[in-house]
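Report on the structure given below.
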Amino acid sequence: MVDRIVTGAHYGLRSWLLQRITAVMMALYALFMAGWLLLHPDLDYDTWTLLFSSDVMRSFTLLVLLALFSHAWVGMRDIVMDYVKPAGIRLLIHVLVILALILYAIWSVQILWGM
Amino acid sequence: MNKNRPKHLDLRLIKLPLPAFVSILHRVSGLLLFLALPLLLWTLQYSLRSIETFTSLRWMFQHPLSKLFFIFMLWAFLHHFCAGLRYLVIDLDRGIRLAQARASSRWVMIVSLTLAALLGVRLW
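Order-wise, the sequence lines are chains P and A. Letter by letter, the first sequence follows residues 6 to 120 of our numbering. Letter by letter, the second sequence follows residues 533 to 656 of our numbering.
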């Protein structure tokens, strides 16, 4: 019988796919942002906040940030699984990373809709 | 699995080929980017909250140390971005021959370092 570990990666295909889909989303957003910043070399506060004033931009930014947090979870989990062997410490780091990322998600909503 | 296989894991003696070097840097840069996430969100918050916080952010960025740190993180992002694109292409079964893989990993190093240097000089 296979020894199942709670802190393992299950079968991996979902994570593999998630990592690539979120990567493409972030790459497109990064290219958009890089292009926008190139078009606005002397960026001032009004221009910057105008970009984030519409709900469409806020929603897409939040979507990409959530993609980023999922991507970070898969990446951090892979790193921890490779280098941290004791199950207890591994679980502790996993929980801390997940809690941090959920907090970042809540913080992101506050930033984008609280401005 | 046979656990008694001979191992040769002396890190000082292992000479990584370039694709492996790009791969480990992909991990290291990913970890650095994860650790910098609160800083990224904090910067976004300060840049949007008010004209005062926006200006103070600008002022803080004038410090040489924060510029150096930003340029370093910019390199981490660019490396992670370029190496990530390379993996996406490799997943499509393109560029998987040894010579091509070596050439593309060299391009990842060249492009990310050059872009980081150019943007770094521009921002300084």
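We put the beta carbon where it would ideally sit given N, CA and C, even for glycine.
Host alpha helix (DSSP H) of residue i (start-end)
i: A/Ile583; result: Ile583 to Phe593
i: A/Lys599; result: Pro596 to Asp623
i: P/Val89; result: Careful: P/Val89 lies outside any alpha helix (DSSP H) and carries neither H nor E.
i: A/Ala631; result: Leu630 to Leu655
i: P/Asp49; result: Here P/Asp49 belongs to no alpha helix (DSSP H), and DSSP marks it neither H nor E.
i: A/Arg559; result: Leu550 to Leu567
Own chain, CB closer than 8 Å to residue i, minus 5 neighbours either side, in chain order
i: A/Phe602; result: Phe593 and Leu655
i: A/Val621; result: Gly627 and Ser636
i: A/Ala633; result: Pro551, Ile622 and Gly627
i: P/Thr52; result: His45
Cβ neighbour criterion (16 or more within 10 Å) applied to residue i
i: P/Ala92; result: exposed
i: A/Arg629; result: exposed
i: A/Leu557; result: buried
i: A/Arg537; result: exposed
i: A/Ala649; result: exposed
i: P/Phe37; result: exposed
i: P/Val100; result: exposed
i: A/Ala615; result: buried
i: P/Leu117; result: buried
i: P/Arg95; result: buried
i: P/Leu42; result: exposed
i: A/Leu576; result: buried
i: A/Ser561; result: buried
i: A/Leu580; result: buried
Proximity winner among the options, relative to residue i (alpha-carbon distances)
i: P/Ile111; options: P/Leu71, P/Ala28, P/Val61 and P/Met30; result: P/Leu71
i: P/Tyr50; options: A/Cys614, A/Tyr619, A/Ser644 and A/Thr585; result: A/Thr585
i: A/Gly652; options: A/Gly616, A/Ala633 and A/Leu597; result: A/Leu597
i: A/Arg638; options: A/Leu573, A/Asp623, A/Val560 and A/His611; result: A/His611
i: P/Gly119; options: P/Phe57, P/Pro46 and P/Leu18; result: P/Phe57
i: A/Tyr619; options: A/Leu569, A/Val554 and A/Ile546; result: A/Val554
i: P/Trp21; options: P/Gly80, P/Val102, P/Trp53 and P/His99; result: P/Gly80
i: P/Gly17; options: P/Leu48, P/Arg82 and P/Leu97; result: P/Arg82
6 Å CB neighbourhood of residue i in its chain, flanking five on each side removed
i: P/Ile34; result: Checking the displayed sequence, the identity of residue 34 of chain P turns out to be Tyr instead of Ile. These residues qualify, in order along the chain: Val69.
i: P/Val61; result: none
i: A/Leu647; result: Leu610
i: A/Tyr698; result: In the structure displayed, chain A extends from 533 to 656; residue 698 of chain A sits before or after that span and is not available.
i: A/Val482; result: The structure shown does not extend to residue 482 of chain A, since chain A is modelled only from 533 to 656, so the question has no answer here.
Interface flag, residue i vs chain B, CB-CB below 8 Å
i: A/Asp542; result: Chain labels in this structure do not include chain B; the protein chains are P and A.
Cβ-based neighbour list, residue i, same chain, cut-off 7 Å, excluding 5 preceding and 5 following
i: P/Leu106; result: Phe74, Ala77 and Trp78
i: P/Ile98; result: Val85 and Val89
i: P/Ser134; result: Because chain P spans 6 through 120 in this model, residue 134 of chain P falls outside it and cannot be assessed.
- Query: Three or more C-beta pairs closer than 8 Å, one from the stretch 557-566 of chain A and one from the stretch 603-613 of chain A: is that the case here?
  - Reply: yes
- Query: Okay, do the stretch 71-88 of chain P and the stretch 18-30 of chain P touch, 3+ Cβ pairs below 8 Å being the bar?
  - Reply: yes
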